[in-house]
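Visitor: What follows is a structure written as structure tokens; I'll ask about it next.
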Amino acid sequence: MSAITIGDDLIHYQVLGRGRPVILVHGWIGSWRYWIPTMQHLRNEYRVYALDLYGYGDSSKNNKKYSLQSQIDLIDNFLNKLGIAKTAFIGHSMGAMVVARFAANPKNHGRVARVMVSNIPLFDPGDLETRDRDAHRFLTDNRTSQEVQPVRPSIAPTDATIPTRTAAGLMRAAADNLTHEQSPTIANRPDEMLFNDVVLSGHNPLKERFKNSSLLDLLGRCFRKSEADYDKLKVDVDKADNNVLQSSIRDFDSGAMLDTLRHLPMPTVIVHGANDPLLSPPPENVLEYLTEGRGDDRVLPVVLPDTRHFPMLEQEVFLRLSHDFLKTPDISTIEVKGRWSRRIR
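Just so we're aligned: 537 in this note's numbering is position 301 of the sequence shown, and the numbers increase by one with no gaps anywhere.
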């Protein structure tokens, strides 16, 4: 097991392959293990990290660290501890929110090469017709003039691999079980004051949607008990702390989430399963809001047909898309079924 310590907390992670770094961040249901197919798909060209967030897997169960901001701070500390100067991110569900918020912080723009978010909560806050499209333009205007580059693979001999039998054995054992298939205030955080100055809509559908729900309840909405992935994910659900769910959604705001994604300065791929029973795919007006005024090389929405909440377990097209996302300099040239296009009025 690979692990780092952050204060008194232990953070577990796994790493596979060699090359430029890619960090995978899991969601509410599961742990690092459901990323195994993605890690195996990317390992020949990239050094792929997957970590357990606070409250999950083999990471510390610390009730004070379950807010979304604490998970964002975990990503910051993770990069610092491992000496990762710049990386691409793929986040799923809650992990997608963590990644988007981390990448949106101006101090992190130079640390994030590109972002792919899967099945992130995207809702119509009810004010899109009057919402100020330019309210957060500073997020992009303040970026450096450095040209955005793809995450190129590297085979430099100094790039470490996964060297020990123990680590390799852990990967194989986990793959056998999972086959193909209290936060700091803004006043105390001057670096983030601009980022946190978002236009709140006061709209938090997650509170009602997940009211009185447990992580096991969410798993039951995603898979039937007769499906193989139910049992595989239940192993991790049983290890997780249920308090994470309510803590992570307490301050969710649908309008702020849209603005966070809308003004990410790096290439961004937004993926959603068309049949997600947990988080419905974003409606047309939300996708229009996210893409209006942005070049096709900056944002690519994809709604995968016949896909539910876990595209990385359900569809091989997700694995190909993750590779193309990392490899392709101009994301507008990525060809994938389910690619969304703005309607010509």
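All residues carry an ideal CB built from backbone N, CA and C; glycine is no exception. The model shown is predicted, which means the values in this text are computed figures rather than measured ones.
1. Can you name the residues that DSSP bridges to Ile259?
2. In or out: Ser354 buried (at least 16 other Cβ within 10 Å) or exposed?
3. Can you tell me whether DSSP reads Leu481 as helix, strand or coil?
4. Do you know whose CA, among Lys563, Glu463, Phe554, Val251, lies nearest Pro541's CA?
5. Is Thr504 helix, strand or coil when you go by DSSP?
6. What is the DSSP secondary structure of Arg575, counted as helix, strand or coil?
7. For Lys443 and Ser568, I'd like the C-alpha separation in whole angstroms.
8. Does the contact criterion of 3 or more C-beta pairs under 8 Å hold for the region 285-304 versus the region 239-250?
9. Near Gly331, what residues of its chain come up, given a Cβ to Cβ distance below 6 Å and the 5 sequence neighbours on each side ignored?
10. Ignore the nearest five residues each way along the sequence and tell me which others in Phe488's own chain have a CB closer than 6 Å to its CB.
11. Taking the alpha-carbon positions, what's the His277 to Ile570 distance?
12. Mapping DSSP to helix, strand and coil, what is Gly509?
13. Would you identify the three-state DSSP class for Thr241, choosing helix, strand or coil?
14. Tell me whether Ala396 is buried or exposed, calling it buried when 16 or more other Cβ atoms sit within 10 Å of its Cβ.
15. Since Val505 contacts Phe561 with CB under 8 Å, what's their CB separation in whole angstroms?
16. Name the DSSP bridge partner or partners of Pro537?
17. Ends of the alpha helix (DSSP H) at Arg350?
18. Return helix, strand or coil for Leu252, following the three-state DSSP convention.
19. Would you give the residue range spanned by the alpha helix (DSSP H) that Gln551 belongs to?
20. Measure the alpha-carbon distance for Leu536 versus Arg575 and round it to whole angstroms.
21. State the CB to CB distance for the pair Asn313 and Ile242, rounded to an integer number of angstroms; the pair is presumed to be in contact (CB under 8 Å).
22. Could you tell me whether the Cβ atoms of Leu358 and Leu514 are closer together than 8 Å?
23. For Thr527, count neighbouring C-beta atoms within 10 Å of its own C-beta (all shown protein chains included) and say buried if the count is 16 or more, exposed if not.
24. Would you mind stating whether Phe221 and Leu469 have Cβ atoms separated by less than 8 Å?
25. Does the Cβ-Cβ distance between Pro257 and Ile320 come in under 8 Å?
26. Shortest alpha-carbon distance to Asp467 belongs to which of Asp244, Ser238, Ile265?
27. By DSSP, does Leu451 sit in helix, in strand, or in coil?
28. In the DSSP assignment, what residue or residues form a beta bridge with Leu246?
29. In or out: Asp472 buried (at least 16 other Cβ within 10 Å) or exposed?
30. When the Cα atoms are used, what is the spatial distance from Phe338 to Ser329?
31. Taking just the CA atoms, how far does Ser483 sit from Gln307?
32. What is the residue span of the alpha helix (DSSP H) that Ala464 lies within?
Guide: Here's the rundown:
1. Under the DSSP definition of a beta bridge, Ile259 partners with Tyr285, Phe325.
2. Label assigned to Ser354: buried.
3. Here Leu481 sits in helix by DSSP.
4. Closest in C-alpha terms to Pro541, from the list Lys563, Glu463, Phe554, Val251, comes Phe554.
5. It is a strand residue.
6. Note: Arg575 maps to strand in three-state DSSP.
7. Distance between the alpha carbons of Lys443 and Ser568: 35 Å.
8. Because the criterion of three Cβ pairs below 8 Å is met, the region 285-304 and the region 239-250 touch.
9. Listed in chain order, the non-local C-beta contacts of Gly331 below 6 Å within the same chain comprise Val261, His262, Gly263, local neighbours out to five positions each way being set aside.
10. Annotation for Phe488: Asn440, Leu442 place their beta carbon closer than 6 Å to its own, counting only its chain and skipping 5 residues before and after.
11. Between the alpha carbons of His277 and Ile570 lies a gap of roughly 18 Å.
12. Gly509: strand per DSSP, three-state reduction.
13. Of the three classes helix, strand and coil, the one that applies to Thr241 here is strand, per DSSP.
14. Only weak support exists for where Ala396 lies, its pLDDT of 36 falling under 50; the coordinates are left without a value.
15. Between Phe561 and Val505 the Cβ distance is about 5 Å, and since that is below 8 Å, they are a contact.
16. DSSP, once it has assigned bridges, lists Ile506 as partnering Pro537.
17. It is not in any alpha helix (DSSP H) - Arg350 instead sits in the beta strand (DSSP E) that spans 348-354.
18. Leu252 falls in the strand class under three-state DSSP.
19. For Gln551, there is no enclosing alpha helix (DSSP H), as DSSP marks it with neither H nor E.
20. In this structure, the alpha-carbon of Leu536 lies about 7 Å from that of Arg575.
21. 5 Å between Cβ atoms; contact.
22. The answer is no: Cβ separation not under 8 Å.
23. In the assembly as shown, Thr527 is a buried residue. Its beta-carbon has 16 or more other beta-carbons within 10 Å.
24. This structure cannot speak to residue 221, because the chain is shown only from 237 to 581.
25. Yes; because the gap between Cβ atoms is below 8 Å, this pair is in contact.
26. Nearest to Asp467 by C-alpha distance, out of Asp244, Ser238, Ile265, is Ile265.
27. Here Leu451 carries a helix assignment [DSSP, helix/strand/coil].
28. In DSSP, Leu246 forms a bridge with Thr241.
29. Asp472 should be labelled buried.
30. Approximately 14 Å, taken between the alpha carbons.
31. Gln307 and Ser483: Cα-Cα distance of roughly 11 Å.
32. That run of the alpha helix (DSSP H) goes 464-475.
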